[in-house]
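Chemist: Chains as they are written, first to last, in the working numbering: chain X, 635 to 864; chain F, -8 to 219. Beta carbons: idealized from backbone N, C-alpha and C, even for Gly. Starting off with a structure, shown below.
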Amino acid sequence: MVKSVLITGAGRGIGLEFVRQYIDDGWRVHACCRQPGKADALKAVLIGRNGLVHGLDVTDAGSIQDLAQAIEDEPIDVLINNAGIMPDDRKADGSIDYEAWECALHTNVIAPFRVAEGLVDRVDAGDMRIIANISSLMGSIGDNRSGGDHIYRTSKTALNMVTVNLAEDLRARGITVLAFHPGWVRTDMGGPNAAVAPEDSVRGMREQIAAAGPDQSGGFTNYDGTPLAW
Amino acid sequence: MPTAVITGASRGIGLEFVRQYLADGWTIHAGARDPEGADQLAALACEHLHVHQLDVTNHDHVAAFAKSLAGEPVDLLINNAGMWLGEFEAYGRFTNEDWMEEFRVHVLGTMAMCEALKSNVASSDQKLIINISSGNGRLGWDENGTDYPYNTSKAALNMLTKGLSVELVGEGITVVAFTPGFVATDMSGPDADLTPQESIEGMKNVIAGLDSTRIGSFLRYNGESLPW
């Protein structure tokens, strides 16, 4: 049986690398991004292969509903909530950008929950029953020794709580929910000086996902499986 | 005598903080969303109590509050204003707007107050900022249920507490988060196991003894340190 994965934020960066590796591994891939019309790199990866590009704005309930309908006959073995944003804390005048903060909380916290909620029956229909949330070590309270980046940090801490709570709520259905720090990855978000190649980060997370079961549910680990402090 | 700012002061834990610090002779600036309807707060009226209309999610309110305190040292800022949407029997029974409102009150509102009053706190003797959080915000606790809006916003508040504590230590300001315990208030209902008097007496004792080893920590009302 061919396994299937659904990835949000698949147009670039870590999401796109997940698409590449899963398609190369023979999986059926549902790659979701906000603007399929502009996702040339993604289309180039999927052309002629067992994958589909879906338009999805994770902050839009109707968009999630449309996606759920579009794949209503398909099981999803692994759902990867990867879409995320990292706004600056302050506006040009030095004041806190509260609008950007709400936007980050919506995209990085509420949206992954809504995507999981909207697609949980598809995940339940799969064999592996895994939901992976792409978090960040910057969401680790215990690791915050430098301050700053309050918007991004609080959103990823809150996402970790979503992981913990979803793990609890979905345990009875045999669904495992994981939070990952992908490493500091060389992407548009991580910048050119980041330490980890996207290939290595995603390979590591795929290994963790492949090996995960109920005992791992609700955990927060590095891409290589090392447990991280809350 | 020292000066404290207490948000969410019209009832529950905030009101009890006002009561006890007034009894100690402190000057109190109390924030309440609806001062007209804050009967219990009004009953404490005295020359040391100043009541302000303050919805911490309203930037105009926060700015006006800060303006009225311009130049006045604030020894202790207690970010207590909080909310709870109510019990959810199953996940998902809340709107995105409900969820965002909890973030606004618990996280963004706390940030707004800290930004607005930072210089007042820095110019005081005690230089303390206390954020009233909750055990429900603990990621490593498996008994906090799955109230997503409340749990995520309190976890985020704990992260903000930690981040601000690092940023403000250079100005001599100590920032910590407290869980007040399961206190009998309008918010928690009658099943709670602690009176507001006990919880606030405990927190006041701990606050009075805060030293640099506790900067950025998460404390129970009795001073016990909690993991995140």
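Quick check: Gly773/X and Thr791/X, are their CB atoms within less than 7 Å of each other?
Modeler: In this structure, Thr791/X lies closer than 7 Å to Gly773/X by Cβ.
Chemist: So what's Gln44/F in DSSP terms, helix, strand or just coil?
Modeler: Gln44/F: strand per DSSP, three-state reduction.
Chemist: How far does the beta strand (DSSP E) with Ser638/X in it extend, from its first residue to its last?
Modeler: It spans 638 to 641 - the beta strand (DSSP E) in which Ser638/X sits, taken as one unbroken run.
Chemist: Please check if any C-beta of chain X sits within less than 7 Å of the C-beta of Asn70/F.
Modeler: Chain X, which has no Cβ nearer than 7 Å to the Cβ of Asn70/F, makes this no.
Chemist: Could you tell me the alpha carbon to alpha carbon distance between Gly16/F and Glu63/F, rounded to whole angstroms?
Modeler: Going by the C-alpha atoms only, they are around 17 Å apart.
Chemist: Could you tell me which chain X residues have their CB closer than 7 Å to the CB of Lys109/F, listed as they occur along the chain?
Modeler: Those within 7 Å of Lys109/F in chain X number zero; the least Cβ separation is about 12 Å.
Chemist: Buried or exposed for Ala738/X, please, with buried defined as at least 16 other CB atoms from any protein chain shown within 10 angstroms of its CB.
Modeler: Buried, because 16 or more other Cβ atoms sit within 10 Å of the Cβ of Ala738/X.
Chemist: By DSSP's criteria, Ile730/X is part of a beta bridge. Which residues make up the other side?
Modeler: Paired residues: Arg724/X.
Chemist: Just to confirm the assignment, what range does the beta strand (DSSP E) spanning Phe85/F have?
Modeler: Per DSSP, Phe85/F belongs to no beta strand (DSSP E) and is neither H nor E.
Chemist: Between which two residues does the beta strand (DSSP E) carrying Val96/F extend?
Modeler: Where Val96/F is concerned, there is no enclosing beta strand (DSSP E), given that its DSSP letter is neither H nor E.
Chemist: Using CA coordinates, which residue listed in Asn122/F, Phe94/F, Ser190/F is at the minimum distance from Leu67/F?
Modeler: Measuring from the Cα of Leu67/F, the nearest candidate turns out to be Asn122/F.
Chemist: With DSSP as the reference, identify every bridge partner of Arg805/X, one or two as the case may be.
Modeler: The partner list for Arg805/X (beta bridge, DSSP) is empty, contrary to what the question assumes.
Chemist: Report yes or no: is there a C-beta of chain F within less than 7 Å of the C-beta of Met795/X?
Modeler: So, interface residue.
Chemist: Taking the continuous beta strand (DSSP E) assigned at Phe173/F, which residues delimit it?
Modeler: Counting along the chain, Phe173/F falls outside any beta strand (DSSP E), and DSSP gives it neither H nor E.
Chemist: Compute the Euclidean distance between the alpha carbons of Arg654/X and Ala863/X, then round it to the nearest angstrom.
Modeler: Distance between the alpha carbons of Arg654/X and Ala863/X: 30 Å.
Chemist: Look at the alpha carbon of Tyr139/F and the alpha carbon of Trp90/F, and state the distance between them as a whole number of angstroms.
Modeler: Roughly 8 Å between the two C-alpha positions.
Chemist: For Ile775/X, would you say it is in contact with chain F, using Cβ-to-Cβ distances shorter than 7 Å as the test?
Modeler: Ile775/X counts as touching chain F.
Chemist: Hey, does Tyr139/F have any beta-carbon neighbour from chain X nearer than 7 Å?
Modeler: Chain X contact via Cβ: present.
Chemist: Note down the Cα distance separating Gly643/X from Ala806/X, rounded to an integer number of angstroms.
Modeler: Taking the straight line from one Cα to the other gives about 28 Å.
Chemist: Any contact of the segment 808 to 816 of chain X with the segment 846 to 853 of chain X, i.e. 3+ C-beta pairs under 8 Å?
Modeler: Yes, since at least three Cβ pairs between the segment 808 to 816 of chain X and the segment 846 to 853 of chain X fall closer than 8 Å, the two stretches touch.
Chemist: Any beta carbon of chain X sitting closer than 7 Å to that of Phe8/F?
Modeler: By this cut-off, Phe8/F is not an interface position.
Chemist: So if DSSP puts Thr(-6)/F in a beta bridge, which residue, or which two residues, is it bridged to?
Modeler: Bridge partners of Thr(-6)/F: Thr18/F.
Chemist: Give every residue of the same chain whose Cβ lies closer than 7 Å to the Cβ of Ala846/X, excluding the five residues on either side of it in the sequence, and list them in chain order.
Modeler: So the qualifying residues of the chain are Ile764, Thr810, Leu812.
Chemist: Give the single residue among Gly207/F, Gly193/F, Thr204/F, Arg205/F whose Cα lies nearest to the Cα of Asn213/F.
Modeler: Nearest C-alpha to Asn213/F: Gly193/F.
Chemist: What does Phe173/F reach in chain A if we use C-beta pairs closer than 8 Å?
Modeler: In the displayed structure, chain A is absent; the protein chains listed are X and F.
Chemist: Pick helix, strand or coil for His664/X, following the three-state DSSP scheme.
Modeler: Three-state result, His664/X: strand.
Chemist: Where does the unbroken beta strand (DSSP E) through Ala863/X begin, and where does it stop?
Modeler: Unbroken run through Ala863/X: none, as it is neither H nor E.
Chemist: Looking only at its own chain, which residues have a Cβ that is under 6 Å from the Cβ of Gly649/X, when we skip the five neighbours before and after it?
Modeler: Only Ile641, Gly643, Asn716 meet the Cβ criterion.
Chemist: Please classify Val796/X: does DSSP put it in a helix, a strand, or coil?
Modeler: Helix.
Chemist: Along chain F, in chain order, which residues have C-beta atoms closer than 9 Å to that of Leu713/X?
Modeler: Correct list: empty, because the minimum Cβ distance to chain F is about 16 Å.
Chemist: At least one CB of chain X closer than 7 Å to the CB of Met150/F: is that the case?
Modeler: It does; some Cβ of chain X falls within 7 Å.
Chemist: Between Arg748/X and Ile698/X, which are expected to be in contact by the criterion C-beta below 8 Å, what is the C-beta distance as a whole number of angstroms?
Modeler: About 6 Å separates the two Cβ atoms, so the contact holds.
Chemist: Three or more C-beta pairs closer than 8 Å, one from the segment 145 to 152 of chain F and one from the segment 178 to 196 of chain F: is that the case here?
Modeler: Judged by Cβ distances under 8 Å, the segment 145 to 152 of chain F makes no contact with the segment 178 to 196 of chain F, as fewer than three pairs qualify.
Chemist: By the DSSP assignment, the alpha helix (DSSP H) with Leu771/X in it spans what residues?
Modeler: Run containing Leu771/X: none; DSSP gives neither H nor E here.
Chemist: Evaluate Gly163/F with the Cβ neighbour count: other Cβ atoms within 10 Å of its Cβ, from every protein chain shown; 16 or more gives buried, anything less gives exposed.
Modeler: The residue is exposed, with fewer than 16 neighbouring Cβ atoms inside 10 Å.
Chemist: Please determine, among Trp661/X, Asn742/X, Gly817/X, Gly838/X, the residue with the shortest C-alpha to C-alpha distance to Ala829/X.
Modeler: If we check each option's Cα against that of Ala829/X, Gly817/X comes out closest.
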